[in-house]
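> Numbered according to the working numbering, the sequence shown spans residues 178 to 393. By construction, the Cβ of each residue, glycine as well, lies at the ideal position given by its N, Cα and C atoms. In this text, all values refer to a predicted model and were calculated from it rather than measured experimentally.
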Amino acid sequence: MTLEYTLLVAATLCAVGFLWQCRQAPSAMRSAIKTASVALLALAAHQAGAPVLLIAALLACAAGDYCLSRDGDRAFMAGIAAFAVGHLAYITLFLGQADSSWARLVEPPRLATLVALICLGLVMARLLAPRAGPLKGPVLCYIPVILGMGVAALTLPGQGALVWLLPAALVFVLSDLILATEIFLLPRDHPGQRVTPYCVWVTYWGAQLGFFAAFA
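Written as structure tokens, this is what we have:
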């Protein structure tokens with residue numbers, strides 16, 4: 178068993194293990210498992226000789242995972258900042274590929290996806306702005322960053338290993354959409370609060386695994 182494969186298995190085991198921690202109170206163990214789930218992917222990517230920007234994006238997201246696993250607005254804002262850095266690294270990675278082309282955005286299927294992403298961003302900004310309180314600024318700034326990552330993925334062909342790229346990007350957007358709904362839109366006693374943490378985690382980590390598969 179190669180070191181890359183060992184690290185990938187360890188990351189997967191941590192990700193599965195975190196399902197039992199999703200709705201638990203913040204703790205050192207919970208933070209460690211959540212952070213390791215993506216940090217180990219970054220180490221596996223490094224071992225595989227993946228692009229530096231993929232490794233940087235995974236590490237930034239791992240830092241974001243740690244911050245979001247802690248309590249308080251300051252930790253939440255730090256998490257948003259870390260994920261924004263991760264998305265900017267992904268955007269740079271995608272647009273830096275030789276096969277990246279803005280012309281793909283006007284192809285019918287991709288154009289429809291582009292329009293859908295823009296509409297989604299406008300709707301979420303409208304819904305979140307009056308409900309985000311002191312976090313309004315960071316939340317509204319984050320929306321174009323995450324959607325920009327999705328748009329950047331649309332510029333690459335879905336061939337070879339890159340077949341995983343666009344689905345991973347869209348699932349990442351879905352994960353953030355569910356998280357925003359959980360935090361800002363659903364009442365604390367809403368039945369949906371019992372399932373949203375699992376939906377967020379499965380879609381989020383699945384997206385990171387998809388990026389790993391596409392570039393590592």
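Tell me which residues share the same chain as Val262 and place their Cβ nearer than 7 Å to its Cβ, disregarding the 5 neighbours each side in the sequence.
Here the set comprises Ala237.
> Please name the residue, chosen from His223, Val340, Pro285 and Cys191, that lies closest to Gly387 on a Cα-to-Cα basis.
When only C-alpha atoms are compared, the closest one is Val340.
> Can you tell me where the alpha helix (DSSP H) holding Ala205 begins and where it ends?
Unbroken alpha helix (DSSP H) run through Ala205: Ala205 to Gln224.
> What separation, rounded to the nearest whole angstrom, lies between the Cα atoms of Ala393 and Pro228?
Their backbone Cα atoms lie some 8 Å apart in a straight line.
> Inspect the beta-carbon positions of Ile323 and His264 and report whether they are closer than 8 Å.
Yes, they are a contact pair.
> Below 8 Å on the Cβ atoms is my guess for Met254 versus Leu297; work out the distance and round it to an integer in Å.
Rounded, the Cβ-Cβ distance is 23 Å, inconsistent with contact.
> What do you reckon, are the CB atoms on Val328 and Ile355 nearer than 8 Å?
Against a cut-off of 8 Å, the Cβ pair of Ile355 and Val328 comes out as no contact.
> Looking only at its own chain, which residues have a Cβ that is under 7 Å from the Cβ of Ser352, when we skip the five neighbours before and after it?
Excluding residues within five positions, the ones whose Cβ falls inside 7 Å are Val377, Thr380, Tyr381 and Ala384.
> Tell me, to the nearest whole angstrom, how far the beta carbon of Leu220 is from that of Cys191; I am working on the premise that it is less than 8 Å.
About 12 Å separates the two Cβ atoms, so there is no contact after all.
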